[in-house]
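To start, the structure under review is shown below, and the notes come after it.
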Amino acid sequence: MAALLSLAGCGSGSDGPGEHQGPGFEQELARGACYVDDADFRRRELEDSLVNPDNAYSRLRLERYAESAWGSLPEWNPLTSAMGLGSSDPPADASAWSPLSIDDVPWQADALLKLGQEAFFRYPIQAFEPARRVAESAAIAPSYGFWADGSRLGGMVWTEFPSGALLPAYTCGACHASLEAGRVVAGKNNADLDIDAATFDEISGGDRVTSSGREGRLDVTPDGIDNPTAIADLRAVRSQRQLHRAATVENGLIPLAIRIETLIITSLAESARPPRKLAFALAWYLWNLEPEPQGAPPELLSRGRQIFAGECARCHEPPDFSGPSVPLDVVGTDRTVGESPDRLTGSYRVPSLRGVGDRRRLFANGAVFDLREVLDPSRTAPGHAFGLGLEPEQRAELLAYLMTL
Amino acid sequence: MRATRTRSALASAAGVGLLVAACGGSTTAESGSPDGSAGVGGAGGSGAADSGGTGGTGGGGRVPAKHRASATACDDVRPTDDPMVPDAAGLPVECRSHADCTQGKNGRCSSYGRGSWSCTYDECFTDSDCAATGGVCACEGGARADNNACLSGNCRTDADCGNAGYCSPTLGPCGNYAGVTSYYCHTPQDECLDDGDCGGALGYCAYSDAAGHFKCSNAQCVG
Numbered sequence: 000m001a002a003l004l005s006l007a008g009c010g011s012g013s014d015g016p017g018e019h020q021g022p023g024f025e026q027e028l029a030r031g032a033c034y035v036d037d038a039d040f041r042r043r044e045l046e047d048s049l050v051n052p053d054n055a056y057s058r059l060r061l062e063r064y065a066e067s068a069w070g071s072l073p074e075w076n077p078l079t080s081a082m083g084l085g086s087s088d089p090p091a092d093a094s095a096w097s098p099l100s101i102d103d104v105p106w107q108a109d110a111l112l113k114l115g116q117e118a119f120f121r122y123p124i125q126a127f128e129p130a131r132r133v134a135e136s137a138a139i140a141p142s143y144g145f146w147a148d149g150s151r152l153g154g155m156v157w158t159e160f161p162s163g164a165l166l167p168a169y170t171c172g173a174c175h176a177s178l179e180a181g182r183v184v185a186g187k188n189n190a191d192l193d194i195d196a197a198t199f200d201e202i203s204g205g206d207r208v209t210s211s212g213r214e215g216r217l218d219v220t221p222d223g224i225d226n227p228t229a230i231a232d233l234r235a236v237r238s239q240r241q242l243h244r245a246a247t248v249e250n251g252l253i254p255l256a257i258r259i260e261t262l263i264i265t266s267l268a269e270s271a272r273p274p275r276k277l278a279f280a281l282a283w284y285l286w287n288l289e290p291e292p293q294g295a296p297p298e299l300l301s302r303g304r305q306i307f308a309g310e311c312a313r314c315h316e317p318p319d320f321s322g323p324s325v326p327l328d329v330v331g332t333d334r335t336v337g338e339s340p341d342r343l344t345g346s347y348r349v350p351s352l353r354g355v356g357d358r359r360r361l362f363a364n365g366a367v368f369d370l371r372e373v374l375d376p377s378r379t380a381p382g383h384a385f386g387l388g389l390e391p392e393q394r395a396e397l398l399a400y401l402m403t404l
Numbered sequence: 000m001r002a003t004r005t006r007s008a009l010a011s012a013a014g015v016g017l018l019v020a021a022c023g024g025s026t027t028a029e030s031g032s033p034d035g036s037a038g039v040g041g042a043g044g045s046g047a048a049d050s051g052g053t054g055g056t057g058g059g060g061r062v063p064a065k066h067r068a069s070a071t072a073c074d075d076v077r078p079t080d081d082p083m084v085p086d087a088a089g090l091p092v093e094c095r096s097h098a099d100c101t102q103g104k105n106g107r108c109s110s111y112g113r114g115s116w117s118c119t120y121d122e123c124f125t126d127s128d129c130a131a132t133g134g135v136c137a138c139e140g141g142a143r144a145d146n147n148a149c150l151s152g153n154c155r156t157d158a159d160c161g162n163a164g165y166c167s168p169t170l171g172p173c174g175n176y177a178g179v180t181s182y183y184c185h186t187p188q189d190e191c192l193d194d195g196d197c198g199g200a201l202g203y204c205a206y207s208d209a210a211g212h213f214k215c216s217n218a219q220c221v222g
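Top line first, the protein sequences correspond to chains A and B.
Residue numbers for the first sequence follow numbering that gives the first Met the number 0, so the first one is 0 and each next one is one higher.
Residue numbers for the second sequence follow numbering that gives the first Met the number 0, so the first one is 0 and each next one is one higher.
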């Protein structure tokens, strides 16, 4: 790792949107090594990335992201086991349990990518007791929007917690992966996941809440306000200017790693922290995900591109189709998520449109289902009036172009 | 008891042996015993404790504001007035009146406060009805509903937590998302006894699966 450090040192530098795996990836890995090894570097990166140091999210991190606080927490790499469908009990066979192999992974692009991918589907992020019930049968899981990978409950793992308890837990993959035509699409937000319904059925004893009305959404902010936000599509994370709907964090590979690290720390009630090598590997994996452009009739694309330039590109700037955040009043969509005191910046981020063609649950609160609804002048969800005045033919042309991003 | 399936159980499966802790207890009803006695928050307290074993008080001898001294049975009374289910398009509605809820005991058409309406049922009246979870039967303790619900955890009453031990309710890892989800014994490792030990208005004292004891948190669902 020392050799890599010498490539760039641990000073500040850009790894923001637009720098993909390619010629510059060695420098990105060098900065990753700095993140793992250099506390001062981590702290600088954190401070530089927080858009509003006064919201609760920032304040907590500015207070505790230091070696004397969260840095002194024990590293946590627990035994986990896949959650099989058809049983609500953890496997009794000890051979079914193992931790992630982290220390042996060389600091190389492909090896870290592989570790990140494995961690994405195996590293526990938060206990979720209701998954016992979800796992009872293959028929139950999809009714709550959980996806299944063969005989396994997708993105969920049995986890040995430090207390000794063996509990179901989310990994990243539970919320940020989908099953498409029998194929697991990593990073794509699970727009069907109904955590509310699973939770209420577990605790309220109901057989099945028909629907919570909140599929693909979850309240994630500790602000005492009921403000669910749409689960993010992570395939385009590299192209985002900011992280969080409320544009709380300036994006970059290292800020993303810190975001992941601190997310896990807070979800574990500040009892432990992930190995930083693992946090970076997760960020590295996400950084290298690619959305899958959809097909469109070629005869519509040229005109659609022109319409995009006139209607959309001022905010969704190519090549990342993202841009500086926009004040809540200008966006005009539901303000609840943006006004959370936990993440307040006064603005919503401009989401990258890369991969928007098959993205589901759009707007900060997931109020519209897909891109077609965004541009539908008859939609009831307020805000984002851009493009609503197009004629039907123009709309079709714009949609065709957007599908290819 | 669901949440007490432990490393011991895994070790046993591996041929190492050991027992899964078990809790006794009989019936239900939370008994808060605010004490108000002095003492600082945070860790401490005497008494040897581990999950399912004897419990310490934590907090330098203070008594937690919420603990379950004894179990009592729940009544079987639920509201009889039908809900006012709005006739709005797009709402997920499973029921419109209590009469629609016939698949369990005391079925009621309940709103979860989030725009959906579903049937809820009393799934227990005493702790002994909660054999599957091994936990407390929480009277009107359903998530965002007033049905009786079986919770998880490692105790049902203070007696399960050893001499001078306390069995307290706790929020789950998602905080107040689903209300009280389980009951756990306090231990000498606890870093808090009550929410008041946790600073700001949004901090709360909860059992942490990651820590294996009560500690302050302001965590919500991960994201």
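Cβ coordinates follow ideal geometry from the N, Cα and C atoms, glycine included.
Predicted, not measured: the structure shown is a model, and the values here were computed from it.
Please compile the residues from chain B whose C-beta is within a distance smaller than 8 Å of the C-beta of residue i.
{"i": "A/P221", "result": "G174, L201, N217, A218 and Q219"}
{"i": "A/Y169", "result": "V221"}
{"i": "A/F160", "result": "D208, A209 and G211"}
{"i": "A/L262", "result": "V221 and G222"}
{"i": "A/A245", "result": "Within chain B, no residue comes near A/A245; the closest Cβ sits about 12 Å away, beyond 8 Å."}
{"i": "A/A190", "result": "Per Cβ cutoff of 8 Å: no residues; A/A190 is ~15 Å from chain B at best."}
What's the gap between the Cα of residue i and the Cα of residue j?
{"i": "B/S30", "j": "B/R77", "result": "Any reading at B/S30 must be qualified, since the residue scores a pLDDT of 38, below 50, and its modelled position is unreliable; the value itself is stated next. If I take the Cα positions, the gap works out to 21 Å."}
{"i": "A/H315", "j": "A/N250", "result": "16 Å"}
{"i": "A/A282", "j": "B/K104", "result": "49 Å"}
{"i": "A/G149", "j": "A/A295", "result": "32 Å"}
{"i": "A/E44", "j": "B/N162", "result": "50 Å"}
{"i": "A/G331", "j": "A/E27", "result": "37 Å"}
{"i": "A/N189", "j": "A/P227", "result": "15 Å"}
{"i": "B/T27", "j": "A/K113", "result": "The predicted position of B/T27 is uncertain, since its pLDDT is 31 and thus under 50; a value taken from the coordinates is nonetheless stated next. Cα to Cα, the separation comes out at about 50 Å."}
{"i": "A/R394", "j": "A/M402", "result": "12 Å"}
{"i": "A/S321", "j": "A/G354", "result": "12 Å"}
{"i": "B/G14", "j": "A/A93", "result": "Model confidence at B/G14 stands at a pLDDT of 33, short of 50, so the residue's coordinates are unreliable; what they give is reported in the following sentence. Approximately 9 Å, taken between the alpha carbons."}
{"i": "A/G181", "j": "B/R67", "result": "49 Å"}
{"i": "A/P184", "j": "A/L178", "result": "Reading the sequence as shown, one finds Val at residue 184 of chain A and not Pro. Approximately 6 Å between the Cα atoms of the pair."}
{"i": "B/M83", "j": "A/D195", "result": "21 Å"}
{"i": "A/L49", "j": "A/W157", "result": "34 Å"}
{"i": "B/L201", "j": "A/L59", "result": "13 Å"}
{"i": "A/A366", "j": "A/P52", "result": "29 Å"}
{"i": "A/S324", "j": "A/S346", "result": "6 Å"}
{"i": "A/S97", "j": "A/R378", "result": "49 Å"}
{"i": "B/D189", "j": "A/A231", "result": "35 Å"}
{"i": "B/G46", "j": "B/T186", "result": "In this prediction, B/G46 has a pLDDT of 28, which is less than 50 and means its spatial position is unreliable; nothing more can be read from the coordinates."}
{"i": "A/R348", "j": "A/R244", "result": "6 Å"}
{"i": "A/L389", "j": "A/F307", "result": "11 Å"}
Just verifying my parser: in three-state terms, what is the DSSP assignment at residue i?
{"i": "A/R151", "result": "strand"}
{"i": "B/C197", "result": "helix"}
{"i": "A/K187", "result": "coil"}
{"i": "A/F284", "result": "Note that residue 284 of chain A corresponds to Tyr in the displayed sequence, not to Phe. If DSSP states are grouped into helix, strand and coil, A/Y284 belongs with the helices."}
{"i": "A/L387", "result": "coil"}
{"i": "A/L405", "result": "This structure leaves residue 405 of chain A out entirely; chain A is present only between 0 and 404."}
{"i": "B/E93", "result": "coil"}
{"i": "B/P78", "result": "coil"}
{"i": "A/G172", "result": "helix"}
{"i": "A/V133", "result": "helix"}
{"i": "B/A98", "result": "helix"}
{"i": "B/S151", "result": "strand"}
Comparing C-alpha positions only, which one of the options sits nearest to residue i?
{"i": "B/G195", "options": "B/D208, B/P187 and B/K214", "result": "B/K214"}
{"i": "B/P172", "options": "B/A209, B/G133 and B/C129", "result": "B/A209"}
{"i": "B/V221", "options": "A/R58, A/Y143 and A/G172", "result": "A/G172"}
{"i": "A/L288", "options": "A/A176, A/S97 and A/L387", "result": "A/A176"}
{"i": "B/D145", "options": "B/S115, B/C108 and B/D157", "result": "B/C108"}
{"i": "B/C154", "options": "B/V62, B/Y176, B/R95 and B/S69", "result": "B/S69"}
{"i": "A/A32", "options": "A/N54, A/G8, A/D47 and A/R42", "result": "A/G8"}
{"i": "A/A280", "options": "A/E66, A/L217 and A/P105", "result": "A/P105"}
{"i": "A/P77", "options": "A/R216, A/R304 and A/G163", "result": "A/G163"}
{"i": "A/P350", "options": "A/T170, A/P317, A/A380 and A/P376", "result": "A/P317"}
{"i": "A/P123", "options": "A/R63, A/P161, A/Y143 and A/P254", "result": "A/P161"}
{"i": "A/D357", "options": "A/L327, A/D36, A/G388 and A/L398", "result": "A/L398"}
Could you name the residues of chain B that residue i contacts, counting a contact when the two beta carbons are closer than 9 Å?
{"i": "A/D218", "result": "C173, Y176, Q219, C220 and G222"}
{"i": "A/T265", "result": "S216, N217, A218, Q219 and V221"}
Quick one: list the residues of chain A neighbouring residue i, beta-carbon separation under 7 Å, in chain order.
{"i": "B/K214", "result": "A268 and S270"}
What does residue i reach in chain A if we use C-beta pairs closer than 8 Å?
{"i": "B/S69", "result": "Ordered by position in chain A, no residue passes the 8 Å Cβ test against B/S69, which lies about 23 Å from the chain."}
Discussion item. Tell me which residues of the stretch 117 to 130 of chain A have at least one Cβ-Cβ distance to chain B shorter than 9 Å, keeping chain order.
Written reply: Answer in chain order: I124, Q125, A126, F127, E128 and P129.
Worksheet item: Of the residues that make up the stretch 146 to 158 of chain B, which ones have a beta carbon closer than 9 Å to any beta carbon in chain A?
Response: Per Cβ criterion, the list reads N146, N147, A148, C149, L150, S151 and N153.
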